[in-house]
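Chemist: Its first residue numbered -10, the sequence shown is counted upward by one per residue in the working numbering. Don't be surprised by glycine CBs; every beta carbon is placed ideally from N, CA and C.
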Amino acid sequence: MTDDDAPVPDAVLLWRPDEFPPPGSPPLPATVCCLRSTTAGSRAVVYRTTAGQGVAAVFDFLSDAAPGDGRGSTAHGVVHLLDPHLERAALLHDPELRPVFAHLQGRRRLPDAAGRRLHALLPTIAFTARA
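#1: Are the Cβ atoms of residue 48 and residue 2 separated by less than 8 Å?
#2: Residue range of the beta strand (DSSP E) that residue 92 falls in?
#3: Is the region 32 to 44 in contact with the region 53 to 63, if contact means three or more CB pairs nearer than 8 Å?
#4: Classify residue 32 as helix, strand or coil using the three-state DSSP reduction.
#5: At a cut of 8 Å, does the region 12 to 22 reach the region 77 to 88 through at least three beta carbon pairs?
#6: Are the beta-carbon atoms of residue 41 and residue 75 separated by less than 8 Å?
#7: Are residue 46 and residue 90 closer than 8 Å when you measure CB to CB?
#8: Using the Cα positions of residue 119 and residue 5, report the straight-line distance between them to the nearest angstrom.
#9: Report all residues from its chain with a CB closer than 8 Å to the CB of residue 77; omit the five preceding and five following residues, and keep chain order.
#10: Applying the 10 Å Cβ sphere with the 16-neighbour rule, what's the burial state of residue 13?
Written out as structure tokens, the structure reads:
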């Protein structure tokens, strides 16, 4: 995939601040909890909860979801930190994104329009084809 072919995000993952790599880290491989319907080649936005709330990373899935350790599904991929992140206030101000981010309580699918809007707001990040 080229930068122009980067997938539109189709899911939101929620991470606490301590789950993120240190600021300035290069893209890093990781295995994360995900939706059961996650497929290799898809992309999620990663929402940082509590301090510094907002979309703080994107996650490129390199594997399909597989049964996890009893807590749901997991998949392997690569996390790309955003600097700066998309702040919660900006997400709530956007009419396409407000319904998604106003009351997040867990990972979820993104409506198509919200995914396209986030894709437009995010910096160009080439999809990582392998870890």
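Modeler: In short, the structure shows the following:
#1: Cβ atoms of residue 48 and residue 2: closer than 8 Å.
#2: Per DSSP, residue 92 belongs to no beta strand (DSSP E) and is neither H nor E.
#3: With contact defined as three or more Cβ pairs closer than 8 Å, the region 32 to 44 and the region 53 to 63 are not in contact.
#4: Note: residue 32 maps to strand in three-state DSSP.
#5: As far as the Cβ criterion goes, the region 12 to 22 does not touch the region 77 to 88, which means the pair count is below three.
#6: No, they are not a contact pair.
#7: No, Cβ-Cβ distance for residue 46 and residue 90 is not below 8 Å.
#8: One Cα belongs to residue 119, the other to residue 5, and the distance between them is close to 25 Å.
#9: Residues of the same chain with a CB within less than 8 Å of the CB of residue 77, apart from the 5 flanking positions on each side, are 42, 43, 90 in chain order.
#10: Taking every protein chain shown into account, the CB of residue 13 has fewer than 16 other CB atoms within 10 angstroms, so this residue is exposed.
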